[in-house]
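Sequential numbering of the sequence shown, starting at 16, is according to our numbering.
Everything on this sheet refers to the single structure shown next.
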Amino acid sequence: MSDNDTARLGLDFQRMLRISHMLYIAARDHVFVVNLSSSTEQIVPQQKLTWKTKDVEKCTVRGKNSDECYNYIKVLVPRDDETLFACGTNAFNPTCRNYKMATLEQVGEEMVGQARCPFESRQSNVGLFAGGDFYSATMTDFLASDAVIYRSLGESSPVLRTVKYDSKWLREPHFLHAIEYGNYVYFFFSEIAVEYTTLGKVVFSRVGRVCKNDNGGSPRVLERYWTSFLKARLNCSVPGDSFFYFDVLQSLTNVMQINHRPAVLGVFTTQSNSITGSAVCAFYMDDIERVFSGKFKEQKTSESAWTPVPDEQVPKPRPGSCAGDGSAAVYKSSTSFPDETLTFIKSYPLMDEAVPSVNGRPCFTRTTSRFKLTQIAVDTAAGPYKNQTVLFLGSENGHVQKILASTHPNSTYSSQLLEDIDVYNPNKCSLRGEDRRILGLELDKDHHALFVAFSSCVVRVPLSRCTDYGTCKKTCLSSRDPYCIWLKTGSCATVAPGLKSGFEQDVETGYSQYPDSCHDVLATTRKQNPALDSAYGKTSPTSASPTIQGPALPKGPSVSEKGTHPAEGERGGRGSPGLEPINVEME
16 MSDNDTARLG
26 LDFQRMLRIS
36 HMLYIAARDH
46 VFVVNLSSST
56 EQIVPQQKLT
66 WKTKDVEKCT
76 VRGKNSDECY
86 NYIKVLVPRD
96 DETLFACGTN
106 AFNPTCRNYK
116 MATLEQVGEE
126 MVGQARCPFE
136 SRQSNVGLFA
146 GGDFYSATMT
156 DFLASDAVIY
166 RSLGESSPVL
176 RTVKYDSKWL
186 REPHFLHAIE
196 YGNYVYFFFS
206 EIAVEYTTLG
216 KVVFSRVGRV
226 CKNDNGGSPR
236 VLERYWTSFL
246 KARLNCSVPG
256 DSFFYFDVLQ
266 SLTNVMQINH
276 RPAVLGVFTT
286 QSNSITGSAV
296 CAFYMDDIER
306 VFSGKFKEQK
316 TSESAWTPVP
326 DEQVPKPRPG
336 SCAGDGSAAV
346 YKSSTSFPDE
356 TLTFIKSYPL
366 MDEAVPSVNG
376 RPCFTRTTSR
386 FKLTQIAVDT
396 AAGPYKNQTV
406 LFLGSENGHV
416 QKILASTHPN
426 STYSSQLLED
436 IDVYNPNKCS
446 LRGEDRRILG
456 LELDKDHHAL
466 FVAFSSCVVR
476 VPLSRCTDYG
486 TCKKTCLSSR
496 DPYCIWLKTG
506 SCATVAPGLK
516 SGFEQDVETG
526 YSQYPDSCHD
536 VLATTRKQNP
546 ALDSAYGKTS
556 PTSASPTIQG
566 PALPKGPSVS
576 EKGTHPAEGE
586 RGGRGSPGLE
596 PINVEME
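So this is what it looks like as structure tokens:
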């Protein structure tokens with residue numbers, strides 16, 4: 016199959032990974048590498064890894080959808096400073112490889128990807144290396160009936176997994192994110208709540224935790240299984256006489272500082288059969304750890320309610336403890352834990368208390384749109400003084416909302432919508448029809464840009480459009496955009512790195528000294544720039560700026576492995592022959 020055939024089939028974006036000044040874009044059959052330092056006006060991949068399946072015949076014999084008989088790159092993580100670890104679905108035969116980060120050359124032999132990578136592109140998964148071990152969460156079988164949190168590839172650590180087919184551990188989970196923090200690896204996911212079975216299938220968001228030094232249980236209990244797995248509900252809700260819950264986690268950040276405390280921020284939505292609503296909630300890591308040190312939850316009979324386990328019934332060392340730490344300090348390995356502790360953790364992995372959100376409420380909610388939010392990226396050091404938090408939120412309809420976030424309990428202002436930007440480019444992103452759902456966001460603060468991923472394309476958007484305010488001081492300052500400043504020379508501009516004086520900015524209250532709205536100035540600015548009627552439609556200070564057309568994806572150095580596919584000929588006409596799979600321009 017030629018590269019042009021691949022291009023006509025679209026990108027099939029899977030995930031983005033930024034390492035230093037390089038952006039890795041994982042897709043179907045390919046990984047594209049973009050040098051952010053040199054691709055400042057349009058995205059031009061400097062390298063392309065091609066990894067196609069050789070198992071097409073086996074895939075089609077199984078009677079699966081031919082769309083899945085490709086290699087969707089679902090895992091792409093750094094293994095060390097010089098090596099990338101990649102896994103693909105490989106036509107329902109998950110496979111993993113190591114590649115040199117600098118050259119994309121394969122290192123060593125490929126390995127089985129089962130339990131490290133899903134079988135299908137639609138199945139969720141997360142993965143990361145911590146302490147030399149690979150931690151993954153996904154489905155382990157062809158029928159997608161066995162969900163697992165798994166550890167493998169360690170030189171000295173044993174392979175461990177969650178208990179198989181036990182709904183108390185995992186029940187139809189959708190895995191979203193994993194992070195290493197302290198002595199633990201945390202997994203964030205949503206699942207069908209076991210504690211609400213009487214109400215039908217209700218989805219709750221969870222955080223799960225395992226100890227990095229877990230060696231499994233004894234030959235009698237939990238051998239080759241986690242002895243430290245605990246999970247708790249994440250409570251993202253609006254308080255009141257009757258709490259309004261946003262139960263379904265969609266996207267989560269890595270650990271960052273919120274109010275000088277380590278925290279994560281996530282996008283949550285309402286249940287699928289509820290009114291449409293989205294919210295952003297933050298969670299302090301020490302609140303998560305406190306909940307894991309609290310009471311356990313139990314259901315004594317299948318008909319009874321779920322209640323806290325009395326403290327006197329909790330064995331010692333405390334279930335979920337790491338060997339050599341806390342109440343398990345005298346134990347060198349989890350394999351020597353008493354049977355009582357191991358039996359307890361096998362039966363009661365769920366904590367009674369839910370993790371509260373920062374300030375006990377969302378820092379942003381949206382319930383007036385029929386489109387839910389899907390992705391989040393956060394700048395916690397925005398503005399000239401690096402003291403503002405800005406949220407970038409992707410949605411189902413191709414819009415990015417930029418929010419000035421209020422996270423401090425004594426803040427003088429509430430969260431403010433700064434811009435609602437339509438970033439979807441129908442000319443470049445509609446190779447298979449219009450799919451406007453945003454699948455990924457990646458910040459590039461060094462070059463003042465946000466990368467927005469759709470199924471068929473990746474778009475580069477400036478973090479601000481300050482020059483759109485022209486010479487109108489009131490409009491510039493009342494925008495409250497931390498990236499925008501009013502210069503003494505009489506114009507609105509983007510904050511330059513290191514600038515600390517010689518400008519005005521009023522992020523907290525907006526600017527109201529001048530009653531004039533500067534309509535004449537703005538009208539003149541628009542009239543002088545007809546290019547603002549861009550591929551995105553009519554633009555304004557709250558929409559994406561115009562596209563600069565250019566070659567979307569010139570052919571460059573690549574590491575290629577030939578493959579064939581029986582459906583290529585019949586699928587090749589879905590897009591324009593001249594289009595490459597990544598269609599991204601600087602706007």
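Heads up, the beta-carbon is just placed ideally off N, CA and C, and yes, glycines get one too.
Predicted model only: the values in this text are computed from it and were never measured.
Using only CA atoms, which one of the options lies nearest to residue i?
i	options	result
residue 34	131, 415 and 97	97
residue 504	73, 201, 93 and 519	519
residue 5	428, 331 and 122	In the structure as shown, the chain begins at 16 and stops at 602. Residue 5 is therefore absent and cannot be evaluated.
residue 381	489, 212 and 260	260
residue 72	361, 333, 105 and 59	105
residue 412	399, 51 and 389	389
residue 43	93, 533 and 102	102
residue 69	85, 498 and 254	85
residue 139	122, 163, 120 and 123	163
residue 424	242, 373 and 462	373
residue 175	442, 225 and 117	225
residue 45	274, 83, 57 and 88	88
residue 460	398, 65, 419 and 212	398
residue 186	211, 173, 420 and 166	211
residue 347	354, 387 and 339	339
residue 448	472, 435 and 159	472
residue 419	114, 386 and 479	479
residue 114	95, 131 and 132	95
Compare the beta carbon distance of residue i and residue j with 8 Å and say whether it is the shorter of the two.
i	j	result
residue 263	residue 196	no
residue 350	residue 231	yes
residue 204	residue 188	yes
residue 143	residue 246	no
residue 251	residue 193	no
residue 470	residue 99	no
residue 311	residue 256	no
residue 74	residue 107	yes
residue 191	residue 287	no
residue 524	residue 428	yes
residue 148	residue 119	no
residue 123	residue 110	no
residue 463	residue 477	yes
residue 152	residue 134	no
Within a Cβ cutoff of 8 Å, which residues of the same chain sit near residue i, ignoring the five residues on either side of it in sequence?
i	result
residue 315	322
residue 370	222, 247, 248, 249, 250, 298, 302, 303 and 306
In chain order, what residues of the same chain lie with their CB nearer than 6 Å to the CB of residue i, ignoring the 5 residues before and after it?
i	result
residue 208	217 and 219
residue 393	268, 280 and 406
residue 502	508 and 518
residue 184	177, 178 and 364
residue 336	342 and 343
residue 182	209
residue 125	110 and 112
residue 540	Low per-residue confidence applies at residue 540: pLDDT is 42, beneath 50, and the placement is therefore not dependable, though the value from the model is reported in the following sentence. Taken in chain order, the residues that qualify are 485.
For the alpha helix (DSSP H) that residue i lies in, which residues bound it at each end?
i	result
residue 74	71-76
residue 300	300-307
residue 394	Looking at the DSSP string, residue 394 is not in any alpha helix (DSSP H); the run it does join, the beta strand (DSSP E), is 388-397.
residue 358	354-362
Per DSSP, residue i is paired with what?
i	result
residue 224	201 and 245
residue 449	According to DSSP, residue 449 bridges with nothing at all.
residue 414	437
residue 101	91 and 112
residue 323	312
residue 141	152
Note down, in chain order, each residue of its chain lying with its Cβ closer than 7 Å to the Cβ of residue i, except the 5 sequence neighbours on either side.
i	result
residue 145	195, 200 and 227
residue 457	31, 33, 38, 392 and 466
residue 356	330, 332 and 334
residue 375	254
residue 237	231, 357 and 361
residue 576	At residue 576 the pLDDT is 46, less than 50, meaning the model places this residue with poor confidence; the figure from the coordinates comes in the next sentence. Hits under 7 Å: 65, 66 and 67.
With residue i as the anchor, note down where its beta strand (DSSP E) starts and where it stops.
i	result
residue 93	88-93
residue 190	189-196
residue 50	45-50
residue 283	276-284
residue 38	37-41
residue 185	That residue, residue 185, is in no beta strand (DSSP E); it is neither H nor E in DSSP.
residue 63	60-65
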